[in-house]
Amino acid sequence: MRTWPVGVIVGCLVLVVRANGADGDPPPIQSGTQVSGAQAKADNSAPQTEESKLLATVREALERNAREMKAIKEQYSRELETQQKRAEVQQKQIETLQQMTRTLEDRLKAVNAAPPVLAAPLPGAQPNAGGAGPQQKLSDVQQKQLELIEDQIGALSDELGQQTPKLEDMVTQGATLDARSKQGAARDRQLGEAVDTLRDQVNNLQRNYPNLPPPLKEWFLPSGTNVTPISIWNTVSTRYEVFQGQRGAGEFQFQEYTPFFLVQLNKRLLLSAETTFNQSGVGLGQAQIDMFINNWLTMDVGYFLAPIGFWNERLDPRWINKLPDIPLVMRQVIPDGLTVTGLQFRGAKYLFGSPFKMEYAAFASNGFGVPGSGKAADWADQGGLIGSTANVNQSMAYGGRLAIWLPSRGINFGASGMASAPYGLGAGPVYNIWQPYFNYHYGNWDFRFEYGDAYQNVKNFIGNNIRRQGMYAQLAYRNYASLYQHLQRLEYVFRFSDAFFHGIDQSKLDLAAYSPLMNAPIDANQYTIGVNYYIYASSIIKLAYEINSPLHRNVNDNVFMMQFATNF
């Protein structure tokens, strides 16, 4: 008999009773979650639906258990009846054979007791060679029949003896089954009582709201509330570096302390702001309001990260970046940490029930203005572009991203773009960005690829246009299944990056104005090898050596780097 359905049902009921509280206490309310009046009603109806489903499941399990026990009992009864009938038939055969044996024995005794009849031999007949008459032959045949019958009786007796232990086992199993049936009936009663108790608790919760203190009751007001706990996430990073082309023992740097504030006003509005504290002062990283329109669309208003490429939004934080610095392409080809002021719509949705998820984003923001005095050196430095935070020349910038995710295979690829155009050719640059990317994660391996192409129409300022191109490819390996804990926390990373510039006279650049030298807009290749150790999932120690190889300038800025970054 299978008793696992009863065990599973009892386990479910115990978990449910413990989740609801044995003493009727209300479930705890998690901090940082806004509950409005409509949501409170939905929350009240949700437990009712869950409890109804649970009761139906328990009821079906009880009925299924009862049906299985009934089927086992019927099967046992049929087998016992069959064995009993077989034993009765065999017993009747034994009795019949025994009766035949007695009859043959009586006949044999009668034949042996009768006087012999001496018949006169016929004329010319030969006397019996063996000296045995017909009576002797008849006795021999009957004796053989008796022996054969005795053998049959012995065989039937042996077969009956073999059936006897089976019958005894079946009787024992029957007794065990009866005992289990009684235990099952007792459990059924207990489960029935537990179901009744659970139904009473659900009914009580439906009729009477939980007894909450006054501050918590405000969460269930039909009018809602704008009082919500604030979540603060913090990033801290420090770094040490040694450039081979510079004399000295290297330099320690405190890179940043960045608190990120999240305030959930209600189920529709989320406020977020990031500030950065470092040795040069305090800066605003981003500040925005997110409005959740539905499950697949969100509107952002404020100062937010532009959805250009994959690095800018997802990989730039120091505790996420797998190496102590950023790729070469993100220095003078694509602006690192590009943040704009404007309006954005974004979201993601699975396509027609398939495993493919489409991600989309579109934004409009202030355009870029003229850096410095508009000279060639000003346009060469990507970091000199002004705008995005204020409307400096009445221009607008538009951009967006379209990507496809296949989470079950660890594949993500997409493309993004941005165009900034002033109201007049002398008011600012026509600035275009094109940035496709591809990411793949499989088991212990992680691969990233991103290409950047930036075009600046600045012919009216310096006599020619500028085009910037570059890419990076990164491969990381971490043995999560290692038998040794410290080896599980080690990660090995290699990254290649390059940058090429057209329209910039690289021989006239003052490299001393760029610190470090890898920030200079010169054609170069970059090779970085690193080893990481994860203290926690969001706390990492990085060691890396980077080879920077300019193509047209004799610059030695290879560097050894060490960094600690954490997020909490």
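The working numbering puts the sequence shown at residues 869 to 1436. C-beta atoms are modelled at their ideal positions from N, C-alpha and C, and glycine is treated no differently.
In terms of residue numbering, what span does the alpha helix (DSSP H) encompassing residue i cover?
i	result
histidine 1370	No alpha helix (DSSP H) contains histidine 1370, which is instead part of the beta strand (DSSP E) from 1358–1370.
isoleucine 1330	1327–1330
alanine 1248	1244–1248
valine 1197	1197–1200
Put residue i into one of helix, strand or coil per three-state DSSP.
i	result
lysine 921	helix
leucine 1191	coil
leucine 1379	helix
leucine 1211	strand
arginine 1335	strand
glutamine 1324	strand
tyrosine 944	helix
arginine 1316	strand
alanine 1023	helix
alanine 955	helix
isoleucine 1176	coil
glutamine 1013	helix
alanine 1043	helix
alanine 1344	strand
alanine 1388	coil
lysine 909	With a pLDDT of 43 at lysine 909, under the threshold of 50, the modelled position of this residue cannot be trusted; read the value that follows with caution. Note: lysine 909 maps to helix in three-state DSSP.
What first and last residue would you give for the beta strand (DSSP E) that runs through residue i?
i	result
isoleucine 1161	1149–1162
tryptophan 1273	1264–1274
alanine 1442	Residue coverage of the chain in this structure runs from 869 to 1436, which leaves residue 1442 outside it and unanswerable.
arginine 1107	1098–1111
isoleucine 1397	1392–1404
histidine 1309	1298–1310
phenylalanine 1128	1119–1132
aspartate 1168	1165–1173
alanine 1141	1137–1146
glycine 1282	1279–1289
tyrosine 1352	No beta strand (DSSP E) holds tyrosine 1352; DSSP gives it neither H nor E.
glutamate 1227	1225–1234
glutamate 1414	1407–1418
Determine the direct distance from the alpha carbon of residue j to that of residue i, and round the result to whole angstroms.
i	j	result
lysine 1217	aspartate 1373	46 angstroms
alanine 1433	serine 1222	38 angstroms
arginine 1067	glutamate 1061	10 angstroms
serine 899	proline 1081	Because the pLDDT at serine 899 is just 38, under 50, the model does not fix this residue reliably, and the value given afterwards should be weighed accordingly. Answer to the nearest angstrom: the Cα atoms are 15 angstroms apart.
arginine 970	lysine 953	26 angstroms
tyrosine 1291	threonine 1207	21 angstroms
glutamate 949	glutamine 958	14 angstroms
lysine 1050	glutamate 936	14 angstroms
histidine 1420	tryptophan 1101	44 angstroms
serine 867	glutamine 1058	Look at the range of the chain in this structure, 869 to 1436, and you will see that residue 867 is not part of it.
glutamine 1013	threonine 1040	41 angstroms
leucine 1139	isoleucine 1157	5 angstroms
valine 1197	proline 1384	15 angstroms
asparagine 1424	glycine 1113	5 angstroms
arginine 1075	glutamine 1069	10 angstroms
proline 1192	arginine 1107	8 angstroms
lysine 1135	isoleucine 1098	14 angstroms
asparagine 1146	alanine 1287	32 angstroms
glutamate 947	glycine 1042	11 angstroms
aspartate 1019	leucine 965	10 angstroms
glutamine 1132	alanine 1053	52 angstroms
aspartate 1056	threonine 1065	14 angstroms
arginine 932	serine 1350	45 angstroms
asparagine 1435	aspartate 1378	38 angstroms
isoleucine 1017	alanine 1047	44 angstroms
leucine 1270	methionine 1226	7 angstroms
valine 1427	glycine 1398	12 angstroms
Worksheet item: If you pair each beta-carbon of the segment 1391–1410 with each one of the segment 1345–1363, do three or more pairs fall below 8 angstroms?
Response: Taking one beta carbon from each stretch, the segment 1391–1410 and the segment 1345–1363 have 3 or more pairs nearer than 8 angstroms; the two touch.
Discussion item. Check whether the segment 1334–1344 and the segment 1311–1324 touch, using three or more Cβ-Cβ pairs below 8 angstroms as the test.
Written reply: Yes, since at least three Cβ pairs between the segment 1334–1344 and the segment 1311–1324 fall closer than 8 angstroms, the two stretches touch.
Worksheet item: Using 8 angstroms as the threshold, is the segment 1168–1176 in touch with the segment 1309–1319, meaning 3 or more CB pairs across them?
Response: No, the segment 1168–1176 does not touch the segment 1309–1319.
Worksheet item: How about the segment 1362–1380 and the segment 1274–1282: do they share at least three Cβ pairs that are nearer than 8 angstroms?
Response: Flag = no, the segment 1362–1380 and the segment 1274–1282 do not touch.
Discussion item. With three or more beta-carbon pairs closer than 8 angstroms as the criterion, would you say the segment 1223–1235 touches the segment 1373–1390?
Written reply: The segment 1223–1235 is not in contact with the segment 1373–1390.
Worksheet item: Counting Cβ pairs closer than 8 angstroms, one from the segment 1152–1159 and one from the segment 1384–1396, do we hit at least three?
Response: The segment 1152–1159 vs the segment 1384–1396: no contact.
Discussion item. Could you check whether the segment 1180–1192 touches the segment 1423–1432, counting it as contact only if at least three pairs of C-beta atoms, one from each stretch, sit closer than 8 angstroms?
Written reply: Verdict: yes, contact present.
Discussion item. Within 8 angstroms, do at least three Cβ pairs link the segment 1195–1207 to the segment 1118–1132?
Written reply: Contact between the segment 1118–1132 and the segment 1195–1207 is absent, because fewer than three Cβ pairs lie under 8 angstroms.
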